[in-house]
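Chemist: I am attaching a structure below and will ask some questions about it afterwards.
Number of protein chains: 2
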Amino acid sequence: MNSDGERRARVALSFLAKPGDPVLGAALRTRTASEVLALVTGADADGDALLVGESEDVVLSRAVERWRDRLGEIPSTARLAAWQDSGLRLVMPGDPEWPTQLDDLGDTRPLVLWVRGTGHLRLACVNSVAIVGARAATGYGQHVAIELAAVLAEKGVGVISGGAYGIDAGAHRGALAAGGDTVAVLAGGLSFGYPQGNRALFAAIEAQGVLVSECPPDSRPTRPGFLVRNRIIAALSRGLIVVEAALRSGALNSARHARELCRPVMAVPGPITSEYSAGCHELIRDYGAMLVTCAADVLGHVVLGTGGAETAGPRSGPATARDSLDPAAVAVLEEVPVRGCRGPASIAVRAGVDLDTALRCLGMLAVGGFVERCEGGWRARRSGSVGGLPH
Amino acid sequence: MNSDGERRARVALSFLAKPGDPVLGAALRTRTASEVLALVTGADADGDALLVGESEDVVLSRAVERWRDRLGEIPSTARLAAWQDSGLRLVMPGDPEWPTQLDDLGDTRPLVLWVRGTGHLRLACVNSVAIVGARAATGYGQHVAIELAAVLAEKGVGVISGGAYGIDAGAHRGALAAGGDTVAVLAGGLSFGYPQGNRALFAAIEAQGVLVSECPPDSRPTRPGFLVRNRIIAALSRGLIVVEAALRSGALNSARHARELCRPVMAVPGPITSEYSAGCHELIRDYGAMLVTCAADVLGHVVLGTGGAETAGPRSGPATARDSLDPAAVAVLEEVPVRGCRGPASIAVRAGVDLDTALRCLGMLAVGGFVERCEGGWRARRSGSVGGLPH
Chain F
358 MNSDGERRAR
368 VALSFLAKPG
378 DPVLGAALRT
388 RTASEVLALV
398 TGADADGDAL
408 LVGESEDVVL
418 SRAVERWRDR
428 LGEIPSTARL
438 AAWQDSGLRL
448 VMPGDPEWPT
458 QLDDLGDTRP
468 LVLWVRGTGH
478 LRLACVNSVA
488 IVGARAATGY
498 GQHVAIELAA
508 VLAEKGVGVI
518 SGGAYGIDAG
528 AHRGALAAGG
538 DTVAVLAGGL
548 SFGYPQGNRA
558 LFAAIEAQGV
568 LVSECPPDSR
578 PTRPGFLVRN
588 RIIAALSRGL
598 IVVEAALRSG
608 ALNSARHARE
618 LCRPVMAVPG
628 PITSEYSAGC
638 HELIRDYGAM
648 LVTCAADVLG
658 HVVLGTGGAE
668 TAGPRSGPAT
678 ARDSLDPAAV
688 AVLEEVPVRG
698 CRGPASIAVR
708 AGVDLDTALR
718 CLGMLAVGGF
728 VERCEGGWRA
738 RRSGSVGGLP
748 H
Chain H
358 MNSDGERRAR
368 VALSFLAKPG
378 DPVLGAALRT
388 RTASEVLALV
398 TGADADGDAL
408 LVGESEDVVL
418 SRAVERWRDR
428 LGEIPSTARL
438 AAWQDSGLRL
448 VMPGDPEWPT
458 QLDDLGDTRP
468 LVLWVRGTGH
478 LRLACVNSVA
488 IVGARAATGY
498 GQHVAIELAA
508 VLAEKGVGVI
518 SGGAYGIDAG
528 AHRGALAAGG
538 DTVAVLAGGL
548 SFGYPQGNRA
558 LFAAIEAQGV
568 LVSECPPDSR
578 PTRPGFLVRN
588 RIIAALSRGL
598 IVVEAALRSG
608 ALNSARHARE
618 LCRPVMAVPG
628 PITSEYSAGC
638 HELIRDYGAM
648 LVTCAADVLG
658 HVVLGTGGAE
668 TAGPRSGPAT
678 ARDSLDPAAV
688 AVLEEVPVRG
698 CRGPASIAVR
708 AGVDLDTALR
718 CLGMLAVGGF
728 VERCEGGWRA
738 RRSGSVGGLP
748 H
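Those sequence lines, one after another, are chains F and H. For the first sequence, our numbering gives the first residue as 358, with consecutive numbering after it. For the second sequence, our numbering gives the first residue as 358, with consecutive numbering after it.
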């Protein structure tokens with residue numbers, strides 16, 4: 358699906374349209390990225406003939422005009438290469454690292470994701486929760502965010518947040534301290550790295566987890582950009598926890614996205630005398646959010662399982678029957694130990710496949726719930742361990 | 358219904374059976390108190406012939422044996438008179454001061470209530486909430502109990518609690534500070550006055566509200582007695598709020614009673630790091646208790662209206678049609694001002710009735726939602742003001 362031409366066209370479009378532009382998402386339902394780009398550049402002489410449907414005609418034509426004004430934003434091949442040399446990678450729908458649960462966003466699905474870090478975005482989000490909340494968090498809120506994230510991370514749950522001060526930073530720090538997966542979805546570009554005061558935290562996330570953004574690497578975050586970004590935090594997760602939030606906090610916007618995406622919304626209570634718990638109490642009282650006081654409560658509400666679209670509710674064993682695995686995957690799985698860990702190169706040699714194949718198979722097996730990562734490699738997951746979590 | 362003989366028999370039985378004894382309650386469904394007492398004293402030669410039904414035979418006969426062992430506990434007329442001289446009054450089912458919502462307790466309905474204080478038990482409970490919680494409350498919990506009780510009392514809601522240290526004391530103090538009604542339901546006798554450290558609080562409640570107990574005045578509270586007492590707190594109220602409670606706290610027992618009696622159960626959240634909020638969080642998370650953060654939340658859950666059995670859910674005006682009032686009540690109602698207040702003696706003179714009749718009518722009109730007390734007297738309630746509260 359993702360030919361080089363299509364990849365280049367998607368990247369180009371991501372510099373023209375605003376993040377989450379539903380007009381572009383709708384256009385990409387019936388057209389390739391190259392076709393849409395051709396409409397904008399006018400490179401296709403029959404460009405207008407590609408438009409179908411009267412109402413789409415108008416909406417799309419206007420959008421194409423807007424995008425055309427920004428053609429100068431498309432970076433040169435050299436600039437793209439420089440970003441990639443600086444440690445950024447591009448992940449697109451259909452790529453192995455693409456988290457398929459983002460497809461739940463429909464027409465507002467990100468065009469591309471810029472990713473930086475040693476973690477594997479898709480695997481980190483397979484079993485994950487979002488932990489979000491106030492930037493101006495209290496000591497209580499930060500303590501709770503760190504504790505909750507650390508215990509969840511210890512149990513193999515990825516912690517997704519927005520890289521902001523306060524609750525977000527506490528969530529990332531807790532997951533890092535527990536040696537777990539964490540994913541920071543930034544509202545600005547990854548090279549811009551907002552907020553600057555969290556640079557050290559971002560470096561730690563890069564070394565152990567993943568930094569993600571749908572925005573061009575150099576772009577500065579905008580106020581509406583934070584709200585648009587929140588849909589990605591909600592969509593990546595299997596459930597969203599608000600630790601502290603004032604009334605009308607941005608965290609409540611994330612909760613609304615989670616609710617719309619059918620992700621369980623959870624909230625941590627706090628003193629009724631604290632304005633930073635008022636939003637949490639409102640979520641519980643008026644919007645049916647579940648009150649959680651510990652990681653066990655969270656695991657009771659979040660159905661963990663395989664990543665994205667292939668999931669269909671709770672289950673009691675690996676999602677993919679072992680019988681349905683391809684021969685290479687079966688060979689690889691045979692060489693993943695139940696106790697201890699084995700590195701991918703060693704697994705590849707023993708399974709008689711090349712390293713790329715081994716890595717592809719391991720990723721697929723992890724998504725299927727057969728294997729999990731451990732320090733220095735992989736180990737087989739005990740049968741039923743996923744379904745054994747309370748729900 | 359309450360002839361002198363029946364009253365004396367009820368009082369005697371209340372010294373023989375334990376509070377809330379369902380065997381006695383069941384026996385009183387088909388027999389008068391005098392008849393049951395006759396079974397115990399053997400005064401009725403045909404005593405055994407009064408027993409009906411084989412299974413009741415056995416259960417009641419055994420209970421009668423137990424009660425017979427305690428015949429020596431029945432106080433002399435002089436002792437009863439001394440208690441009444443000390444400011445205690447006896448209130449029984451059918452009396453004007455009897456809160457008819459206690460009838461919801463069925464066979465565990467109290468036989469009699471000992472009451473002390475200037476308040477009117479039935480009127481204080483017409484629109485009331487119970488506020489209960491941990492004895493070893495935190496500063497946060499006490500602050501919340503006082504605030505919540507004060508604001509509710511200011512809005513004319515009676516505050517019912519158990520007279521214990523901690524949350525209970527805070528609830529009574531808040532209501533007193535706001536000049537409102539408060540009812541302390543003690544687990545021991547009113548003359549015993551447990552806990553002793555709350556003696557000054559009890560004196561303040563006596564001066565402005567009501568102290569209540571179903572136990573003989575001199576009786577010492579027992580551990581099971583606290584749990585049995587909790588049913589009265591729940592039954593008197595239109596809703597119960599737990600402000601702070603550790604797991605396995607007695608306040609959770611009160612919440613269970615409230616749930617069984619179909620009274621809304623509410624809980625105040627607190628820090629998840631506080632063991633004294635753990636019971637509240639459990640109520641919200643696992644038992645469907647409603648999270649409340651302020652008096653407005655409470656009023657949104659509690660349907661205020663007329664007292665006891667004559668209530669049938671929410672309503673938009675006084676429960677009793679004005680047409681159904683007796684002529685004396687109509688005459689009294691005519692003389693209760695809509696603005697300002699008028700004392701009962703003045704109302705009696707203007708209405709052309711004696712003071713006792715005026716007081717009886719005012720009580721009835723208050724229960725019917727037509728009038729309400731104010732400083733120094735009574736005023737007419739604006740039509741629809743009760744139903745105008747959010748619910």
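All residues carry an ideal CB built from backbone N, CA and C; glycine is no exception. As the structure is a computational prediction, the values presented were derived from the model and not from experiment.
Which of the three DSSP states, helix, strand or coil, is assigned to A434/F?
Modeler: In the sequence as displayed, the identity of residue 434/F is Thr instead of Ala. In this structure, T434/F counts as helix in the three-state DSSP scheme.
Chemist: From the DSSP output, read off the bridge partner residues of V655/H.
Modeler: DSSP, once it has assigned bridges, lists no residue as partnering V655/H.
Chemist: Do V622/H and A612/H have their C-beta atoms closer together than 8 Å?
Modeler: Against a cut-off of 8 Å, the Cβ pair of A612/H and V622/H comes out as a contact.
Chemist: Measure from the alpha carbon of E632/H to the alpha carbon of each residue in L604/H, V472/H, G733/H, then state which is nearest.
Modeler: It is L604/H whose Cα lies nearest to the Cα of E632/H.
Chemist: On the three-state DSSP scale, how would you describe G734/F?
Modeler: Here G734/F sits in strand by DSSP.
Chemist: Pop quiz: Q565/H and G476/H are said to be a contact at Cβ under 8 Å. What is the actual Cβ separation, rounded to whole angstroms?
Modeler: With 8 Å as the limit, Q565/H and G476/H qualify as a contact, their Cβ atoms being about 7 Å apart.
Chemist: Return the first residue and the last residue of the beta strand (DSSP E) that A560/H is part of.
Modeler: A560/H -> not in any beta strand (DSSP E); alpha helix (DSSP H) instead, spanning 556-565.
Chemist: Tell me the DSSP bridge mates of L716/H?
Modeler: The partner list for L716/H (beta bridge, DSSP) is empty, contrary to what the question assumes.
Chemist: Can you name, in chain order, every residue of its own chain whose Cβ lies under 7 Å from the Cβ of E732/H, other than the five neighbours on each side?
Modeler: Around E732/H: C698.
Chemist: If contacts are defined as beta-carbon pairs under 8 Å, then V695/F and R730/F qualify, I think. What distance do you get, rounded to the angstrom?
Modeler: Between R730/F and V695/F the Cβ distance is about 14 Å, and since that is not below 8 Å, they are no contact.
Chemist: 8 Å is my cut-off, CB to CB: does N359/F come that close to chain H?
Modeler: No, N359/F lies away from the interface with chain H (no Cβ there is under 8 Å from its Cβ).
Chemist: Output the distance between the C-alpha atoms of W471/H and S576/H, rounded to the nearest integer angstrom.
Modeler: For W471/H and S576/H, the distance between alpha carbons rounds to 12 Å.
Chemist: In terms of residues, what are the limits of the alpha helix (DSSP H) holding S703/H?
Modeler: Looking at the DSSP string, the run of the alpha helix (DSSP H) that includes S703/H is 701-708.
Chemist: Which word fits S418/F, buried or exposed, when buried means at least 16 other C-beta atoms lie within 10 angstroms of its C-beta?
Modeler: Exposed: under 16 other Cβ atoms inside 10 Å.
Chemist: Between the segment 642-661 of chain H and chain F, which residues of the former have a C-beta closer than 9 Å to a C-beta of the latter?
Modeler: Listed in sequence order: R642, M647, L648, V649, T650, C651, D654.
Chemist: In the segment 619-631 of chain H, which residues sit with their C-beta less than 8 Å from some C-beta in chain F, listed in chain order?
Modeler: Taking 8 Å as the Cβ-Cβ cut-off against chain F, the residues of the segment 619-631 of chain H that qualify are V625, P626, G627, P628, I629, T630.
Chemist: H638/F CB to nearest chain H CB: under 8 Å?
Modeler: It does: the Cβ of H638/F has a partner Cβ on chain H nearer than 8 Å.
Chemist: Short of 6 Å in beta carbon distance, which residues of its chain neighbour P573/F, apart from the five on each side in sequence? Order them along the chain.
Modeler: Excluding positions up to five away in sequence, the list reads F372, G546.
Chemist: Would you say Y497/F reaches chain H, if we count a Cβ-Cβ gap shorter than 8 Å as a contact?
Modeler: Yes, because at least one Cβ of chain H sits closer than 8 Å to the Cβ of Y497/F.
Chemist: Would you verify that the beta carbon of V501/F is, or is not, closer than 8 Å to some beta carbon of chain H?
Modeler: It does; some Cβ of chain H falls within 8 Å.
Chemist: Between the segment 444-453 of chain F and the segment 536-544 of chain F, are three or more C-beta pairs nearer than 8 Å?
Modeler: No: fewer than three Cβ pairs fall under 8 Å.
Chemist: CB-CB under 8 Å to G709/F, same chain, minus the five flanking residues each way: which ones, in chain order?
Modeler: Counting only Cβ-Cβ distances below 8 Å, and skipping sequence neighbours, we find A688.
Chemist: Check whether the Cβ atoms of G523/H and R492/H sit closer than 8 Å, and answer yes or no.
Modeler: Cβ atoms of G523/H and R492/H: closer than 8 Å.
Chemist: Could you tell me the alpha carbon to alpha carbon distance between L682/H and G720/H, rounded to whole angstroms?
Modeler: Roughly 13 Å separates the two Cα atoms.
Chemist: From which residue to which residue does the alpha helix (DSSP H) around G362/F run?
Modeler: Note, G362/F: alpha helix (DSSP H), 361-373.
Chemist: So G498/H and G490/H are supposed to be a Cβ contact under 8 Å. How far apart are they, rounded?
Modeler: Their Cβ separation, rounded to whole angstroms, is 6 Å, which keeps G498/H and G490/H in contact under 8 Å.
Chemist: For G726/F, name the three-state secondary structure that DSSP assigns.
Modeler: Looking at G726/F - three-state DSSP - the assignment turns out to be coil, as it is neither helix nor strand.
Chemist: In angstroms with no decimal places, state the Cα-to-Cα distance between L593/F and E392/F.
Modeler: Their backbone Cα atoms lie some 28 Å apart in a straight line.
Chemist: Leaving aside the five residues before and after D525/H along the sequence, list all residues of the same chain whose C-beta is less than 6 Å from its C-beta, in chain order.
Modeler: If we look at D525/H and ignore the five residues flanking it on each side, its Cβ neighbours are S518, G519.
Chemist: Among A506/H, R365/H, G554/H, which one has its Cα closest to the Cα of T650/H?
Modeler: Nearest of A506/H, R365/H, G554/H to T650/H, Cα basis: A506/H.
Chemist: Could you check whether G515/H and A544/H sit closer than 8 Å to each other, using their CB atoms as the reference points?
Modeler: No. Outside cutoff.
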